[in-house]
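Taken in order, these protein sequences are the chains called R and B. Number 114 in our numbering belongs to position 114 of the first sequence; there are no gaps in the numbering. Number 469 in our numbering belongs to position 117 of the second sequence; there are no gaps in the numbering. Please read the structure below before turning to the comments.
2 protein chains.
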Amino acid sequence: MSSQQPTEQRLTIREIAEAAGVSAMTVSRVLNKRPDVAPATREKIEQLVAEAGFVRSRAARAMRKGRHGLIDLVVLSLDSAYILEIIRGVEEALEPTGLRLVISATNGEDQRERQWLAKISDGWTDGAILVLAQGQSARVQSLRRRRTPFVVVDHQGELGPHVPSVGATNWAGARSATEYLLSLGHRRIGFIGGSPTLGCAQERASGYQAALKAEGIEPDPDLVRPGTFLHESGYEQTMALLDLPRPPTAIFAGNDTMAFGCYSALRARGVRVPDAISVVGFDDVLVAPLVIPPLTTVRQPLADMGRFAVSMLLRQIEGIPLDALRVELATSLVVRESCSAPAHPGSQQAQP
Amino acid sequence: MSSQQPTEQRLTIREIAEAAGVSAMTVSRVLNKRPDVAPATREKIEQLVAEAGFVRSRAARAMRKGRHGLIDLVVLSLDSAYILEIIRGVEEALEPTGLRLVISATNGEDQRERQWLAKISDGWTDGAILVLAQGQSARVQSLRRRRTPFVVVDHQGELGPHVPSVGATNWAGARSATEYLLSLGHRRIGFIGGSPTLGCAQERASGYQAALKAEGIEPDPDLVRPGTFLHESGYEQTMALLDLPRPPTAIFAGNDTMAFGCYSALRARGVRVPDAISVVGFDDVLVAPLVIPPLTTVRQPLADMGRFAVSMLLRQIEGIPLDALRVELATSLVVRESCSAPAHPGSQQAQP
DNA sequence: TGGTTCGCCGTTAGCGTTAACGGAATGTAT
DNA sequence: ATACATTCCGTTAACGCTAACGGCGAACCA
């Protein structure tokens, strides 16, 4: 039931060795599953280890081997469901490897970034996954200099071509979302972009434009609004769109969070979704199906991106060359209930 | 711009010492900010360290000192905004300490729990925060035996009285939410509970009952539904409540996720919130204000709970006795737009 | 039978850091 | 001048583990 040992002093490999009547080295060999141990000896040691509940000190091991069993996940912030999905994927992929997941948020603060660099610079990490790196070239440089394997998730292209990265088909996703709205009959489609410094935001904007042009529609600059990927921004830009002389009949938000801001603005104005205006998001965060009306959005396989980043990282750690530096996972349009055909083919506005 | 050093071999304390013309021990003293070093020597060494960008190996340090600078956050799952809030609080509180946050999810799987225990059992963690521990007494036992400091967040009382823990005033929060519905005129208030094995779920149920009894209302067993804290459960139990001969005029869901399930069910049935039925949640997750209509809910200061857990943990690590083993942070009702007076209980009808 | 290979295991020597102790130089009290 | 405290720094010896090497016996080949 409860332990007899009052102090439970840490066991060492040597004590196991003594109990087994062998040298510490032999125990080490068994623990490392190396072949050159007689089956009988191995079994005996394994049994003793199991009985004593012995686990070797990772600190000592790390010191000898230079590996610590830690993977760093560095994120910009911990305040959106977006990041949670990625964390989940990373955690799941890491779990069977025995590596442990260390999370840190920089919140865009320069000081924290440097602190983080100092922490990992002693080799205290086996590899890093950088999410939504913004202006991170210094960081990337530093990692490379220290030969720390890393993978960037959802990065901007400006980090250079030789950066291992995982992303999603932002362009194609944005294009298909726009095409969907076009197919419903919409001709004036508003677009609320994400932080323009982010590659993924640029790609989405570009996919939107491409779809319009393919249909022979010249994008109206008034309908393309800058955004920040935050809720507020979705709210404000929607307000601005509604105030246009000819407001759009549909709004494509650069991510789900802004789409929710869009919902709030439309509600404040008494504009019904999807009857009076259609809304499409991007990401498909966990709550997207739960809001009212359930949000039609472009699904980005965030958890899979996390998993993929881990597998690329592990390959680097093991010295296996990557077969592709840049991996883009497919996005897909998830049609729910936030879109319908425009009320009138021209323009219209609902007022309470 | 970029580094001249092609291989950037790890520096050791000894090399710094050599450059400074002192012994390694003196450098160690400087790095540990110990007093017995001449100011001139200290300055010289500090300068050399800064120039070389030297950081001492944590592995070696950990081996000597027995501390690793890691804090474990063990969660049940990574699929709700609930946990993200806690993570955020923990990360923020940990950041200035230099300790690093290791996250692992058990997903309720027994095997993973044991793996996790094996990982930390080598002292590879300085302390642990267990969130929503379910049937964790074995874990807690093991931690205690190994003298690993830990704190439990949102735990069940059955872990025993001597477990350091952080929670929220679930009972008071549930009571005030129920009182609010009563004050609006509701007399038939449905309750969808959380996993009954969880202490916080029990407390909320109990707070609900207490509010009713204080008003002289005998709780109708039909109106009290079991739940699981998951979205589906909110959906199903709402359906069941609607199918009652005398359905409730308001529903109090045990957490926000279930309240969203409730929204979905009501929408599927064409029941408007809050006109036809009022809904209250619990937690106040990030999206609670973003859904339509914005959810009235009991705010649980999850991030603060995380922060508090960290401070309790740090005290334990430093050997400072805790002034309170159990800390309960205050919940507060956040009134938004999901509630109104009941449509037809003899009182008047509310219209916006 | 002598030599070679091979499986198994022990010995030695650190990895980079720091606790504990000691010692030299200077200052201070008797 | 002697005794003693103080300041600053070096020496030694680990912490627990494992790479590298070497050695011993047994099995194999000629």
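Glycine included, each C-beta is placed from N, C-alpha and C at the ideal position.
Asked                                                                                                                                                                                         : Found
Considering only their Cβ atoms, is the gap separating Pro293 of chain R from Ser338 of chain R smaller than 8 Å?                                                                             : yes
Since Glu443 of chain B meets chain R, which of its residues come closer than 8 Å, beta carbon to beta carbon?                                                                                : Leu78, Ile103, Ser104 and Ala105
When the cut-off is 8 Å and only beta carbons count, does Ser260 of chain R lie next to chain B?                                                                                              : According to the sequence provided, residue 260 of chain R is Phe. The question's Ser does not apply to it. It does: the Cβ of Phe260 of chain R has a partner Cβ on chain B nearer than 8 Å.
What do you get for Gln399 of chain B, buried or exposed, if any count of 16 or more other CB atoms within 10 angstroms of its CB means buried?                                               : exposed
Does the separation of the CB atoms of Arg144 of chain R and Ala174 of chain R fall below 8 Å?                                                                                                : no
Quick one: which residues of the region 299-313 of chain R get their C-beta closer than 7 Å to a C-beta of chain B? List them in chain order.                                                 : none
Classify Phe252 of chain R as helix, strand or coil using the three-state DSSP reduction.                                                                                                     : strand
Would you please verify whether the beta carbon of Leu130 of chain R is less than 8 Å from any beta carbon of chain B?                                                                        : no
Quick check on Glu236 of chain R: does DSSP put it in helix, strand or coil?                                                                                                                  : helix
At a CB-CB cut-off below 7 Å, which residues of chain B make contact with His68 of chain R?                                                                                                   : Ala411
So what's Leu266 of chain R in DSSP terms, helix, strand or just coil?                                                                                                                        : helix
Is Thr458 of chain B helix, strand or coil by DSSP?                                                                                                                                           : coil
I'd like the ranges of any beta strand (DSSP E) spanning at least 3 consecutive residues and lying wholly in the region 300-334 of chain R.                                                   : 326-329 and 332-334
If the cut-off is 8 Å on Cβ atoms, which residues from the region 157-177 of chain R count as contacting chain B, listed in chain order?                                                      : none
Comparing C-alpha positions only, which one of R:Leu325, R:Pro301 and R:Gln300 sits nearest to Met312 of chain R?                                                                             : R:Leu325
Out of curiosity, what's the CA-to-CA distance linking Asp222 of chain R and Ser233 of chain R?                                                                                               : 16 Å
Can you have a look at Asn384 of chain B and say buried or exposed, based on whether 16 or more other CB atoms are within 10 angstroms of its CB?                                             : exposed
Does the separation of the CB atoms of Ile130 of chain R and Ile103 of chain R fall below 8 Å?                                                                                                : The displayed chain sequence assigns Leu, not Ile, to residue 130 of chain R. No, the pair does not count as a contact, with Cβ atoms beyond the cut-off.
With a threshold of 8 Å, are at least 3 pairs of Cβ atoms found where one atom belongs to the region 54-74 of chain R and the other to the region 401-414 of chain B?                         : yes
Shortest alpha-carbon distance to Cys200 of chain R belongs to which of R:Leu84, R:Phe260, R:Asp283 and R:Leu101?                                                                             : R:Asp283
Compare the Cα-Cα distances from Val637 of chain B to each of B:Tyr434, B:Arg466 and B:Asp388 and report the closest residue.                                                                 : B:Tyr434
Determine, using beta carbons only, whether Ser338 of chain R comes closer than 8 Å to chain B.                                                                                               : no
Are Leu181 of chain R and Ser332 of chain R close, meaning C-beta to C-beta below 8 Å?                                                                                                        : no
Spatial neighbours of Thr106 of chain R within its chain, please: CB distance less than 7 Å, with the 5 preceding and 5 following residues excluded, ordered by chain position.               : Val74, Leu76, Arg112, Glu113 and Trp116
With Ser176 of chain R as the anchor, note down where its alpha helix (DSSP H) starts and where it stops.                                                                                     : Asn170 to Ser183
List the whole-angstrom C-beta distance separating Ala620 of chain B from Ile544 of chain B, where the pair is believed to meet the contact cut-off of C-beta under 8 Å.                      : Ala620 of chain B to Ile544 of chain B, Cβ: 16 Å. No contact.
Keeping to the same chain, check which residues put their C-beta closer than 6 Å to that of Ala93 of chain R; ignore five residues upstream and five downstream.                              : Arg307 and Val310
Tell me the DSSP secondary structure of Gly405 of chain B in three-state form.                                                                                                                : coil
Do you know whose CA, among R:Thr125, R:Gly167 and R:Thr169, lies nearest Phe150 of chain R's CA?                                                                                             : R:Thr125
Out of B:Asp388, B:Glu567 and B:Ala695, state which residue places its alpha-carbon closest to the alpha-carbon of Val625 of chain B.                                                         : B:Ala695
Kindly list the residues whose CB is nearer than 8 Å to the CB of Asp36 of chain R, restricted to its own chain and excluding five residues on each side of it in sequence; keep chain order. : Arg29
Given that Tyr615 of chain B touches chain R, what residues does it touch there, using C-beta distances under 9 Å?                                                                            : Leu290, Val291 and Ile292
Check Val483 of chain B in the structure and name its three-state DSSP category.                                                                                                              : strand
At a Cβ threshold of 8 Å, is Leu212 of chain R touching chain B?                                                                                                                              : no
Taking Cβ-Cβ distances below 7 Å as the criterion, which residues of the region 563-594 of chain B are in contact with chain R?                                                               : His583
Taking 8 Å as the threshold (beta carbon to beta carbon), is Glu95 of chain R in contact with chain B?                                                                                        : yes
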